[in-house]
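Asks: Submitted below is the structure of interest, expressed as structure tokens.
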Amino acid sequence: MERLRHVTRRALEHCTKQEKEQTLVGLQHLRNGLDYQRMPEIALGLGRIYQYCETAVQEENWGEAVRMLAGLDAIWDQLEKKKRKGA
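Taking our numbering, the leading residue of the sequence shown gets 5, the next gets one more, and so forth.
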């Protein structure tokens with residue numbers, strides 16, 4: 005989970021600065037990390053979100069890409085907090 009949060013935040017930082025190549029690299033890392041064997045439904049859903057973000061970045065629709073990545077970052081943060089509470 006920590007790596008996922010880190011890569012998402014780095015991609016978000018690059019996206020906020022409108023750094024196209026670095027953002028796309030971050031999104032590719034996120035896509036490469038999807039586990040289609042263990043969690044196929046989640047991987048498919050996240051894969052679609054990452055693809056949507058990649059398209060937004062390629063079209064330089066920075067606001068939409070930032071919005072999506074920020075939303076994912078918030079979700080990972082909430083999951084981490086719940087995990088800590090349950091531990």
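Where a beta carbon is used, it is the ideal one built from N, C-alpha and C, also for glycine.
Since we're looking at a predicted model, the values are computed, not measured.
Is it buried or exposed for H18, if we count other Cβ within 10 angstroms and need 16 for buried?
Replies: What you label residue 18 is simply residue 14 of the sequence shown in a count that begins at 1. Buried.
Asks: Can you round the beta-carbon distance between I53 and L76 to whole angstroms, since I take them to be within the 8 angstroms contact cut?
Replies: The count along the sequence shown starts at 1 and reaches residue 53 at position 49. The count along the sequence shown starts at 1 and reaches residue 76 at position 72. Yes, I53 and L76 are in contact; Cβ-Cβ is about 7 angstroms, under 8 angstroms.
Asks: Assign G49 to buried or exposed, taking buried as 16 or more other Cβ atoms, counted over all protein chains shown, within 10 Å of its Cβ.
Replies: Position 45 of the sequence shown, counted from the first residue, corresponds to residue 49. That one is exposed.
Asks: Here's a check: name, in chain order, each residue in its chain whose Cβ is nearer than 7 angstroms to the Cβ of G30, leaving out the five neighbours to either side.
Replies: Counted from its first residue, the sequence shown places residue 30 at position 26. Cβ neighbours of G30 beyond the five flanking positions: V11, R14, A15, H18.
Asks: Going by the beta-carbon positions, is the gap between Q22 and W66 smaller than 8 angstroms?
Replies: The count along the sequence shown starts at 1 and reaches residue 22 at position 18. The count along the sequence shown starts at 1 and reaches residue 66 at position 62. Yes, they are a contact pair.
Asks: Given that a residue counts as buried once 16 or more other Cβ atoms are within 10 Å of its Cβ, and exposed if not, what is T59?
Replies: Looking up residue 59 in the sequence shown gives position 55. It counts as exposed.
Asks: Whose C-alpha, out of K86, R88, G90, A78, is nearest the C-alpha of R9?
Replies: In the sequence shown, residue 9 corresponds to position 5, counting from 1. The candidate whose alpha carbon is nearest that of R9 is A78.
Asks: Below 8 angstroms between beta carbons: does that hold for V61 and A74?
Replies: Your numbering for residue 61 matches position 57 in the sequence shown. Your numbering for residue 74 matches position 70 in the sequence shown. For V61 and A74, no; Cβs fall outside 8 angstroms.
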